[in-house]
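S.K.: Residue numbers for the sequence shown, in the working numbering: 689 to 1205.
One structure, pasted below without further comment.
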Amino acid sequence: MAEVIIVLVSSIIFFAGGFFVNKLIENISLKKGQLKAKDIIIDAEKKADEIKKDALLNTKAEIIKLKETADEDIKQKNQELIRLEKRVTAKEDNLDKRVDIIEKKEIDILRREKILIQTEKSISEKEKKIELIFKEKTSELERISGFTAIEAKDELINSIIDEAKHEAAKSVRKIEDETREIGDKKAKEIIATAIQRYAGDYVAEKTISSVPLPSDDIKGRIIGREGRNIRALEAATGVDFIIDETPEAVVLSSFNPVKREIARLSLEKLIADGRIHPARIEEVVAKVEEELNMAMKEAGEQATFDVGVHGIHPEILKLLGRLKYRTSYSQNVYSHSIEVAFLCGIMASELGINVKQAKRAGLLHDIGKAVDHEVEGSHAIIGAEIAKKYGESPKVVHAIAAHHYDEEPNSVLAILVSAADALSAARPGVRKEMFETYVKRLENLEAISNSFAGVAKSYVIQAGREVRVIVQSQNVSDDDSVMLAKDIAKKIESNLQYPGQIKVSVIRETRATEFAR
689 MAEVIIVLVS SIIFFAGGFF VNKLIENISL KKGQLKAKDI IIDAEKKADE IKKDALLNTK
749 AEIIKLKETA DEDIKQKNQE LIRLEKRVTA KEDNLDKRVD IIEKKEIDIL RREKILIQTE
809 KSISEKEKKI ELIFKEKTSE LERISGFTAI EAKDELINSI IDEAKHEAAK SVRKIEDETR
869 EIGDKKAKEI IATAIQRYAG DYVAEKTISS VPLPSDDIKG RIIGREGRNI RALEAATGVD
929 FIIDETPEAV VLSSFNPVKR EIARLSLEKL IADGRIHPAR IEEVVAKVEE ELNMAMKEAG
989 EQATFDVGVH GIHPEILKLL GRLKYRTSYS QNVYSHSIEV AFLCGIMASE LGINVKQAKR
1049 AGLLHDIGKA VDHEVEGSHA IIGAEIAKKY GESPKVVHAI AAHHYDEEPN SVLAILVSAA
1109 DALSAARPGV RKEMFETYVK RLENLEAISN SFAGVAKSYV IQAGREVRVI VQSQNVSDDD
1169 SVMLAKDIAK KIESNLQYPG QIKVSVIRET RATEFAR
């Protein structure tokens, strides 16, 4: 029992001692925590102060920057306002000056109006005086002559008519005598004009070429993705490429035969090569153009060699070679030029004039056709200017300019070239016209005839050789019909190009209709 009590007392003492030890440890830990918390609060307060100071500094810097920007904007706006004020002031000064000028003009106009009113009054008074004097003089003349004013006027008119008839008769006799004297000369000129009409100026009939294809599959490659190849071809050559339903063919369209030939050769090379893309197209076109330029120069040199003419400028030789790709109606201009040169030489030898010079003029007479699609004007005048530019003699230059009577021929050489040109162009099959050109000429003839006042209808007959114009009889007299025929003929001559001559017949008909009932 005593042992049990001792154990219990020992346990109570141990428990109480442990409790007090734990309390002491807790108090010590609490004090340490409070001290650490104070340190943390102090550090936090210090950091907060530093952040606050930094924020204040940054805010001040931003405020200073914004103030500087605002000051700069205000300065610019002030300068703009000053500039606008100056402009407004200048405009006000200008307006003031204009107002002064207008006021001066108004004063001047009022002054002139006063002068005009005074002048009108003076003129009116003088007119009244003149009318009074005229009446007095007329009465005096009637009294002296014994004729009234109307009788005197009739007498004067009759005497003037008689005199005019006499003078007209004299003029008619004089014209008839002169006509007989120059009849033969005029007839020859008319024949020459008819021949020249038959050998008309160059007309670009052939404007397309066709390139055969090995198969229709190649058309897609020529067009390319989204059309880039065909666009590259057209841009490089300046020719329209027409790819339609025509089997195994591409049509090339251009008024420039040299460009058309370059396009044709380039496309053939590309098809044969098989590589068709924009870079290759540009390369091939450039190469073909260089080769064709060389071929044209060689063709020009060959023509001079064949004809026997030397010393022609290299630029003219190039132009002469270009004619190899030109046609006038269905005649090749290059071959035509060589033929005219030979004809000129033959006729010159018969006439005893310079054969070399005649051949030279004949060979170069159509040189203007090499560039007439690029330069405005007649090919004869263009060719003469080119020949003059590159040192040809004045006689040759004039012969080129006058071979279609753009200038009046004043030498045997000029007439000889014109005749040789007409002879070469008169060969059978040379002056063939396309159907479209023929129809268009007929339409133009009717349009010209219908453009005159008083024309009711017009008809082109005899394949365009005659125009019959029916006029409104109530508006056009017989004399007017004669003048109308001449006016229509002149307008046709000035506006159209045609072979031979065109007859203009004006028909005036009056009908009286009544019905018996």
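Note that the Cβ used here is the ideal one computed from N, Cα and C, for glycine as well.
Here the structure is a predicted model, which is why all the values come from computation and not from measurement.
1) What residue from Tyr-1093, Glu-1181, Val-1170 has the CA that sits closest to Ile-1136's CA?
2) Going by Cα to Cα distance, which pick from Lys-1174, Ile-1176, Ala-967, Ser-1169 is closest to Ile-1229?
3) With DSSP as the reference, identify every bridge partner of Phe-929, one or two as the case may be.
4) Using the C-alpha atoms, what's the distance from Pro-966 back to Arg-916?
5) Whole angstroms are fine: how far does the CA of Ile-729 sit from the CA of Ile-739?
6) Alpha carbon to alpha carbon, how far is His-1024 from Tyr-886? Give it in angstroms, no decimals.
7) How would you write the range of the beta strand (DSSP E) that Ser-954 sits in, first residue to last?
8) Name the two residues that bound the continuous alpha helix (DSSP H) containing Tyr-1022.
9) Determine whether the beta carbon atoms of Val-1084 and Ala-1090 lie at a separation below 8 angstroms.
10) Run through DSSP, which three-state label would Ser-1106 get?
11) Beta carbon of Lys-1057, beta carbon of Val-997: below 8 angstroms?
12) Could you check which residue in Arg-1153, Glu-1131, Ala-1151 has the C-alpha nearest to that of Lys-1145?
13) Start and end of the alpha helix (DSSP H) containing Lys-1057?
14) If contact is defined by three or more beta carbon pairs under 8 angstroms, each pair taking one atom from either stretch, is the region 963-978 in contact with the region 1004-1023?
15) Would you tell me roughly how many angstroms separate the C-alpha atoms of Ile-918 and Ser-942, rounded to the nearest one?
16) For Ile-1069, which residues does DSSP report across the bridge?
17) In chain order, which alpha helix (DSSP H) runs of at least 4 residues are fully inside the region 1159-1205?
18) Count Cβ pairs between the region 981-994 and the region 930-944 that sit closer than 8 angstroms; are there 3 or more?
19) Could I get the ranges of all uninterrupted alpha helix (DSSP H) runs contained in the region 744-790, with 4 residues as the minimum, in chain order?
20) Flag this pair as yes or no: are the beta carbons of Tyr-1078 and Glu-1027 separated by less than 8 angstroms?
21) Going by C-alpha distance, which of Gly-1050, Leu-744, Glu-1134, Glu-1062 is nearest Ile-1103?
22) Report buried or exposed for Phe-929, applying the criterion of at least 16 other Cβ atoms within 10 angstroms of its Cβ.
23) Using a threshold of 8 angstroms, state whether the C-beta atoms of Ile-1055 and Gly-1065 are closer than that.
24) Between Leu-1031 and Leu-1111, which are expected to be in contact by the criterion C-beta below 8 angstroms, what is the C-beta distance as a whole number of angstroms?
25) To the nearest angstrom, how far is it from the Cα of Glu-768 to the Cα of Glu-808?
26) Could you check which residue in Ile-1149, Ser-810, Ala-1173 has the C-alpha nearest to that of Phe-1140?
27) Can you tell me where the alpha helix (DSSP H) holding Ile-910 begins and where it ends?
28) To the nearest whole angstrom, what separates the beta carbons of Arg-1153 and Lys-1191, a pair I think is in contact under 8 angstroms?
29) Taking the alpha-carbon positions, what's the Ile-701 to Lys-719 distance?
30) Mark Pro-1082 as exposed unless 16 or more other C-beta atoms lie within 10 angstroms of its C-beta, in which case mark it buried.
31) Give the straight-line distance between the Cα atoms of Lys-823 and Lys-841, rounded to the nearest whole angstrom.
32) Return the residue from the list Glu-756, Ala-1068, Ala-1108 that minimises the CA-CA distance to Glu-1096.
33) Under three-state DSSP, which class holds Pro-1082?
34) For Glu-1154, which three-state DSSP category applies?
35) With a Cβ-Cβ cutoff of 8 angstroms, do His-1061 and Asn-944 count as a contact?
M.R.: By the coordinates alone:
1) Glu-1181
2) A query on residue 1229 cannot be resolved here, the shown segment of the chain reaching from 689 to 1205 and no further.
3) Leu-940
4) 7 angstroms
5) 15 angstroms
6) Confidence is the limiting factor: at Tyr-886 the pLDDT is only 32, short of 50, which leaves the residue's position unreliable, though a coordinate-based value still follows. Using only the alpha carbons, I get a separation of about 15 angstroms.
7) It is not in any beta strand (DSSP E) - Ser-954 instead sits in the alpha helix (DSSP H) that spans 945-961.
8) 1021-1039
9) no
10) helix
11) no
12) Glu-1131
13) Run containing Lys-1057: none; DSSP gives neither H nor E here.
14) no
15) 15 angstroms
16) According to DSSP, which records beta bridges pairwise, Ile-1069 is partnered with nothing at all.
17) 1166-1183
18) no
19) none
20) no
21) Gly-1050
22) buried
23) no
24) 6 angstroms
25) 59 angstroms
26) Ala-1173
27) 906-911
28) 6 angstroms
29) 28 angstroms
30) exposed
31) 16 angstroms
32) Ala-1068
33) helix
34) strand
35) yes
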